[in-house]
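Numbering (UniProt numbering), first residue to last: 1 to 291. Inspection log for the structure reproduced underneath, given as structure tokens.
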């Protein structure tokens with residue numbers, strides 16, 4: 001009987017302040033959507049870093065006048081270096097084949113370059129790709145070495161942009177979360193004020209604090225859960241829109257976001273929405289509603 005009463009009061013409370021309830025749900029949905037999006041982006045940026053750094057190479061290009069002795073000495077030194085995981089020697093012919101494959105859509109450029117114009121090189125896979133600086137400092141002045149190029153320097157720029165987007169999304173989520181919490185607190189205050197006489201009567205007849213506070217707290221929890229559902233729907237809509245829109249190009253840049261990834265964010269969004277709303281409502285009642 002008590003539970004039935006509490007649930008009925010929750011529905012009545014949500015409907016009584018319907019405009020504020022809708023505003024609260026929308027604000028919670030936006031903040032939870034931003035939270036879910038930033039969480040997915042954080043996860044995918046991490047996955048992408050692991051994937052790219054696992055395959056990143058350091059290229060040591062040799063001088064055109066490099067001698068066989070210099071090349072063999074550098075080869076032996078690289079293979080014995082504890083920082084180097086694998087060493088691949090690329091001669092002029094192999095370099096030209098790679099050049100042809102890379103620029104196969106530009107035949108005029110391929111025809112203008114001859115095999116003997118491309119430098120020999122050593123392609124290295126490092127034990128720790130972030131130790132490129134050590135490799136650069138150690139081999140830059142070696143005889144026969146012309147230039148050392150590290151792919152991770154280019155990737156760092158890409159990661160910097162994505163990390164900036166990630167931090168921006170997280171900052172927006174925090175701002176929206178603060179706005180949602182203030183709106184939840186204000187809604188609970190209004191609901192408590194409208195029922196102040198009922199609360200006073202319930203106290204006189206011996207109702208417990210939990211029984212009086214439960215409908216208000218559950219109102220906030222329901223709003224948080226509904227907001228998380230709308231946030232999930234927004235994430236799903238964004239994935240559908242991105243698949244056929246201008247954002248589809250990102251599929252080749254970052255690891256794809258699957259439907260399973262989106263669905264698995266819902267428990268987090270629901271937990272954050274429900275728990276934070278419940279705590280906010282309870283704290284507001286402790287300060288505003290003297291029970």
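Ideal Cβ placement from N, Cα and C applies to all residues, glycine included.
**Study point:** Anticipated Cβ contact below 8 Å, residue 149 with residue 59, distance rounded
**Key:** 5 Å
Review point. Roughly how many angstroms separate the alpha carbons of residue 79 and residue 61, rounded to a whole number?
Key: 16 Å
Review point. Nearest to residue 28 by CA position, among 181, 146 and 74, is which residue?
Key: 181
Exercise for review: Report buried or exposed for residue 169, applying the criterion of at least 16 other Cβ atoms within 10 angstroms of its Cβ.
Suggested key: buried
Point to revise | Contact set for residue 83: own chain, Cβ-Cβ below 7 Å, skip 5 residues either direction | key: 126, 127, 131, 134 and 135
**Study point:** Cα-Cα separation between residue 68 and residue 137, rounded to whole angstroms
**Key:** 23 Å
**Study point:** Residue closest to residue 118, alpha-carbon to alpha-carbon, out of 98, 57 and 269
**Key:** 98
Review point. Going by the beta-carbon positions, is the gap between residue 188 and residue 281 smaller than 8 Å?
Key: yes
Exercise for review: Check the C-beta distance from residue 31 over to residue 177 and give it rounded, since I have them as a contact under 8 Å.
Suggested key: 4 Å
**Study point:** residue 149 CB to nearest heavy atom of the ligand FMN below 7 Å
**Key:** Looking for the ligand FMN in the displayed structure turns up nothing, as the structure carries no ligands at all.
Check your understanding: What is the rounded straight-line gap between the Cα of residue 72 and the Cα of residue 139?
Key -> 14 Å
Practice item. Quick one: using the 10 Å Cβ neighbour count with 16 as the cut-off for buried, is residue 173 buried or exposed? Key: buried
Check your understanding: For residue 147, which residues does DSSP report across the bridge?
Key -> 61
Check your understanding: In whole angstroms, what is the alpha-carbon distance linking residue 95 and residue 241?
Key -> 41 Å
Check your understanding: Going by beta carbon distance, what residues of the same chain come within less than 7 Å of residue 101, once the five residues before and after it are set aside?
Key -> none
Practice item. Please determine, among 122, 92 and 123, the residue with the shortest C-alpha to C-alpha distance to residue 113. Key: 92
Review point. If you compare alpha carbons, which of 262, 34 and 277 is closest to residue 171?
Key: 34
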